[in-house]
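Enquirer: Sharing a structure below in structure tokens format, with a few things to ask.
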Amino acid sequence: MPSPSNPRSNDLEIVLAYFELLDSKEQLEAYREIRDRLGAGPESLKATKASGRANIRLEALDAFRQVSEHLALESGKAPTPKQFDSTCKTVGLSWDRSKVVRIFGSWRRGRDTFLGKSVSLSPEERRRRKRTAVNKREGRFSGVKLFLETNPKATTAVAYDDWRESYNEALPKGRLPVVSATHVMEGLGWSWKDTVAAARGDLDPEEIGSRKSRRDARNMSYCRGPNEFYALCDIADALGLSTNEVKKRVDRRDFPKAVIQMAHGRLWLKEDIERYKSGTFIAGERVGENALRPLYLTREEVMERTGLTDWQLSHSSSGRKPLEPDVYLGRMTLWLLETVEAWEKNPNGALGQGRTEATQSD
1 MPSPSNPRSN DLEIVLAYFE LLDSKEQLEA YREIRDRLGA GPESLKATKA SGRANIRLEA
61 LDAFRQVSEH LALESGKAPT PKQFDSTCKT VGLSWDRSKV VRIFGSWRRG RDTFLGKSVS
121 LSPEERRRRK RTAVNKREGR FSGVKLFLET NPKATTAVAY DDWRESYNEA LPKGRLPVVS
181 ATHVMEGLGW SWKDTVAAAR GDLDPEEIGS RKSRRDARNM SYCRGPNEFY ALCDIADALG
241 LSTNEVKKRV DRRDFPKAVI QMAHGRLWLK EDIERYKSGT FIAGERVGEN ALRPLYLTRE
301 EVMERTGLTD WQLSHSSSGR KPLEPDVYLG RMTLWLLETV EAWEKNPNGA LGQGRTEATQ
361 SD
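Position one of the sequence shown corresponds to residue 1 (this note's numbering), numbered consecutively onward.
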């Protein structure tokens, strides 16, 4: 089995995704737990400084806790700066408000961290966050690099997901799996074509953020199952029209009906649009308006039905296979009802068997 240049990057990406969901106080507690489990060891000067910052913040939170307990404050309440100063003297703590301000940047940020509230990043934290973004980005498409090392015949998202299933099944116990193409694209905000190009080294990741076009949206999309769909931007490309012009046409009586309609978008059958383009479409002969909506489930509907979280939908866990979407077109992510029903009967079985790929751009 191939091993990545950094064999822990996929595992770390998933762990860090969870870490990012924690508030500032919980992140510090997580740091303390990891520090205590690992024990003291040789560290670089840079790591020692970072460790020192985290340790002194933990000490500050402990001072907040002791003061709050001494004052018998209710849960969710924090001492005022005056209360903090006087109580620290009373209980013999070497803390005061000025020290809190030096550590957190302001009294409010220190107080909100203690209360577990959302805390805005300081300028230095924003700089550190930006520096780590590159490493996080590398982690997101490290699986794609592994995939490309196998010299695959096709480099589509569907081909990647097929390889991913085999790769993850062969992983040793305790190793976290490679994430799905959908998770990679959503995490990076890139098209699949750009993701593959960046993983190969053919495209500078810094250039991708500024490349916003309908072509990118199309390259990011795919359909699996019995139906091929077009979103609004796909219709514009197929007909050679602007999006605004298409918006004017879609409500005409002679234009194909959207077979799936939702608050955040509509989908048309590709076959209907192609027939409209060739002049062979006849209104009323094809599928009616919103006729295919009952066959598909949204992300929220799948989560409610299966009890899975958003993260669990695209990750394996305890032998359970991820539940991959059948349609990914821009903002539209949908699952076939039959796919979800099959998964419910056998959540540990391989998905995608018997499903045919309708469309996928490299």
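For every residue, glycine included, the Cβ atom is placed at its ideal position computed from N, Cα and C.
If we count Cβ pairs, one from each stretch, closer than 8 Å, do we get three or more for the stretch 235–248 versus the stretch 185–205?
Expert: No, the stretch 235–248 is not in contact with the stretch 185–205.
Enquirer: To the nearest angstrom, report how far apart Gln27 and Val302 are at their CA atoms.
Expert: Reading the sequence shown from its first residue, position 27 is the one you call residue 27. Reading the sequence shown from its first residue, position 302 is the one you call residue 302. Each residue's alpha carbon lies about 30 Å from the other.
Enquirer: Could you check if Arg109 is buried or exposed, using at least 16 other CB atoms within 10 Å of its CB as the buried criterion?
Expert: Position 109 of the sequence shown, counted from the start, is the residue given in the question as residue 109. Buried, since its Cβ has 16 or more Cβ neighbours within 10 Å.
Enquirer: Are three or more beta carbon pairs between the stretch 264–277 and the stretch 220–235 nearer than 8 Å?
Expert: Because the criterion of three Cβ pairs below 8 Å is met, the stretch 264–277 and the stretch 220–235 touch.
Enquirer: Below 8 Å on the Cβ atoms is my contact criterion, and I expect Ala181 with Ala157 to pass it. Report the Cβ-Cβ distance as a whole number of Å.
Expert: Taking the first residue of the sequence shown as 1, we reach residue 181 at position 181. Taking the first residue of the sequence shown as 1, we reach residue 157 at position 157. Right, the Cβ-Cβ distance comes to about 4 Å (below 8 Å), so this counts as a contact.
Enquirer: Run through the DSSP bridge pairs and tell me what Gly265 is partnered with.
Expert: For the purposes of this step, residue 265 is identified with residue 265 of the sequence shown, where counting begins at 1. Partner(s): Met262.
Enquirer: Can you look up Arg224 in the DSSP assignment and give me helix, strand or coil?
Expert: The sequence position of residue 224 within the sequence shown is 224, counting from 1. The answer is strand: DSSP assigns Arg224 an E or B state.
Enquirer: Identify the residues that DSSP records as bridge partners of Val250: which are they?
Expert: On the sequence shown, residue 250 is found 250 positions in, with the first residue counted as 1. None; Val250 has no bridge partner.
Enquirer: Classify Leu58 as helix, strand or coil using the three-state DSSP reduction.
Expert: Here the question's residue 58 lines up with position 58 in the sequence shown. Residue state, collapsed to three classes: helix.
Enquirer: From what residue to what residue does the beta strand (DSSP E) around Thr333 run?
Expert: To locate residue 333, count along the sequence shown from 1; it is residue 333. Note, Thr333: beta strand (DSSP E), 332–336.
Enquirer: For Gly76, which residues in the same chain have their Cβ closer than 7 Å to its Cβ, ignoring the five residues on either side in sequence?
Expert: Along the sequence shown, one-based indexing puts residue 76 at 76. Only Leu115 meet the Cβ criterion.
Enquirer: Note down the Cα distance separating Arg299 from Pro172, rounded to an integer number of angstroms.
Expert: The residue labelled residue 299 in the question sits at position 299 within the sequence shown. The residue labelled residue 172 in the question sits at position 172 within the sequence shown. Using only the alpha carbons, I get a separation of about 30 Å.
Enquirer: With Tyr276 and Trp335 assumed to form a contact (beta carbons below 8 Å), what rounded beta-carbon distance in angstroms separates them?
Expert: For the purposes of this step, residue 276 is identified with residue 276 of the sequence shown, where counting begins at 1. For the purposes of this step, residue 335 is identified with residue 335 of the sequence shown, where counting begins at 1. With a Cβ gap of about 28 Å, Tyr276 and Trp335 do not count as contacting.
Enquirer: Apart from the five residues on each side of it in sequence, which residues of its chain come closer than 8 Å, Cβ to Cβ, to Ser94?
Expert: The sequence position of residue 94 within the sequence shown is 94, counting from 1. So the qualifying residues of the chain are Cys88.
Enquirer: According to DSSP, is Phe114 part of a helix, a strand, or is it coil?
Expert: On the sequence shown, residue 114 is found 114 positions in, with the first residue counted as 1. Residue state, collapsed to three classes: helix.
Enquirer: Between Lys25 and Leu71, which are expected to be in contact by the criterion C-beta below 8 Å, what is the C-beta distance as a whole number of angstroms?
Expert: For the purposes of this step, residue 25 is identified with residue 25 of the sequence shown, where counting begins at 1. For the purposes of this step, residue 71 is identified with residue 71 of the sequence shown, where counting begins at 1. Actually they are not in contact, since the Cβ atoms of Lys25 and Leu71 sit about 19 Å apart, beyond 8 Å.
Enquirer: Can you say whether Glu324 is buried or exposed, counting buried as having 16 or more other CB atoms within 10 angstroms of its CB?
Expert: The residue you call residue 324 lines up with position 324 of the sequence shown. Buried, by the Cβ-count rule.
Enquirer: Going straight from the alpha carbon of Ser221 to that of His183, what length do you get?
Expert: Residue 221 sits at position 221 when you count from the first residue of the sequence shown. Residue 183 sits at position 183 when you count from the first residue of the sequence shown. Cα to Cα, Ser221 sits roughly 13 Å from His183.
Enquirer: Using DSSP with H/G/I as helix, E/B as strand and the rest coil, what is Phe255?
Expert: Translated into the one-based positions of the sequence shown, residue 255 becomes position 255. It is coil, neither helix nor strand.
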